[in-house]
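**Student:**
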Amino acid sequence: MSDVYRPSAAAAAGRADFATIAPWIAQGGRVLDLGCGDGSLLAYLARERAAIGYGIEIDAAGVLACVRQGVNVLQSDLESGLAGFADGSFDCVILSQTLQAMRHTEGIVAEMLRVGRDAIVTFPNFGHWSHRSQILRGRMPVSRSLPYQWYDTPNIHLCTVADFDVFLGQRGCVVENRVVLAGGRVVSLLPNLRGELAIYRFRRARLVG
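This is how it looks when you write it as structure tokens:
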């Protein structure tokens, strides 16, 4: 497992997650971005890696923003699965800061690994020290990575870096890269305690024989 991080223009612009993901995408690679929002990540990957792909977004405003950026987008609910895509349709399937809002976490990860060779997942690390501190004070955490109050949050399944490591290990997934960021910088020491945003690239284990 490699933790290589290459700063770029995206990092300078405050999108260190984009800068982390880009080197993991093959030049001209086929990419599917789930919950793509306004299409900024796909547009960035198209510029930096000549990536070809689609976004899936349920919000009409997000779909319109994608169209304005020239990003191919389908309006659909991720909870209904990816039945419209054949096995191995993409080199990489991305779920960026959407995992925690999914009702069926196992199902969407399985679908990502069905239609893509690699999967990239990013999520806010609930194990960050500031979240732990707020819980000890009897309050639900609110932070830069989790900006919602308990009563208006879209988040359903919050997890920590340690939780996701176990999740992938129990399902036989091979982690190819894991980068944990705080303030846009890589956290190598105690990432489950000090990290704000986790970024994973993983795949299914290859069967031998």
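For the sequence shown, position 122 (counting from the first letter as 1) is numbered 105 according to this note's numbering, and the numbering increases by one without interruption. We put the CB at the ideal spot given by N, CA and C, even for glycine. These numbers were taken from a predicted model, which means no experiment stands behind them.
(1) For a quick check, are the C-beta atoms of Gln83 and Cys156 less than 9 Å apart?
(2) Is Pro174 helix, strand or coil by DSSP?
(3) Excluding the 5 residues flanking Val144 on each side, which residues of the same chain have their C-beta closer than 7 Å to its C-beta?
(4) Classify Gln58 as helix, strand or coil using the three-state DSSP reduction.
(5) Could you check the C-alpha separation between Ala2 and Ile77 for me, to the nearest Å?
(6) Less than 9 Å between CB atoms is the rule here; does Trp112 satisfy it with respect to chain B?
(7) Quick check on Pro107: does DSSP put it in helix, strand or coil?
(8) Buried or exposed for Ser171, going by 16 or more other Cβ atoms inside 10 Å?
(9) Under 8 Å Cβ to Cβ from Trp112, same chain only, skipping five residues before and after it: list those, please.
(10) Distance, Cα to Cα, Ala34 vs Ile139?
(11) Would you decide whether Asp42 is buried or exposed? Buried here means 16 or more other CB atoms lie within 10 Å of its CB.
(12) Please report how far the alpha carbon of Ala(-4) lies from the alpha carbon of Arg127, in whole angstroms.
(13) Determine the closest residue to Gln80 out of Cys19, Gly166 and Ile39, with distance taken between C-alpha atoms.
(14) Would you mind giving the Cβ-Cβ distance between Val98 and Leu61, rounded to the nearest angstrom? I have them listed as a contact below 8 Å.
(15) Taking the alpha helix (DSSP H) that Val50 falls in, what are its first and last residues?
(16) Return helix, strand or coil for Ala(-5), following the three-state DSSP convention.
(17) Should Asp70 go down as buried or exposed, given a rule of 16 or more other Cβ atoms within 10 Å for buried?
(18) Quickly, what does DSSP pair Asp70 with across the bridge? List them, please.
(19) By Cβ distance, which residues of its chain are closer than 8 Å to Arg13, with the 5 residues on each side in sequence left out?
(20) So, helix, strand or coil for Arg(-11), using DSSP?
(21) State the Cα-Cα distance for the pair Ala188 and Asp0, rounded to the nearest angstrom.
**Tutor:** According to the structure shown:
(1) Cβ distance not < 9 Å, so Gln83 and Cys156 don't count as in contact.
(2) The answer is helix: DSSP assigns Pro174 an H, G or I state.
(3) Within the same chain, and ignoring the five residues on either side of Val144 in sequence, the residues whose Cβ sits closer than 7 Å to its Cβ are Asn108, Gly110, Val163, Pro174, Asn175, Gly178 and Ala181.
(4) It is a strand residue.
(5) Each residue's Cα considered, the two are about 14 Å apart.
(6) The structure shown has no chain B; it contains just one protein chain.
(7) Assigned with DSSP and collapsed to three states, Pro107 falls in strand.
(8) Ser171 is exposed by the Cβ-count criterion.
(9) The residues are Leu176 and Arg177.
(10) Answer to the nearest angstrom: the Cα atoms are 31 Å apart.
(11) By the neighbour-count definition (other C-beta atoms within 10 Å, threshold 16), Asp42 is an exposed residue.
(12) Caution applies to Ala(-4), whose pLDDT of 43 falls short of 50 and renders its modelled position unreliable; the model cannot decide the point.
(13) Of the candidates Cys19, Gly166 and Ile39, the residue whose Cα lies closest to the Cα of Gln80 is Cys19.
(14) Taking 8 Å as the upper bound for CB-CB distance, Val98 and Leu61 are not in contact here, some 12 Å apart.
(15) Where Val50 is concerned, the enclosing alpha helix (DSSP H) stretches over Ala43 to Gln52.
(16) Caution is warranted here: a pLDDT of 36 is assigned to Ala(-5), below 50, making its placement in the model unreliable, and no coordinate value can be reported.
(17) Asp70 is exposed by the Cβ-count criterion.
(18) DSSP, once it has assigned bridges, lists no residue as partnering Asp70.
(19) Correct list, in chain order: Ala34, Ile35, Gly36, Ser72, Phe73, Asp74 and Cys75.
(20) Any reading at Arg(-11) must be qualified, since the residue scores a pLDDT of 36, below 50, and its modelled position is unreliable; no value is offered.
(21) Straight-line Cα distance between these residues: approximately 25 Å.
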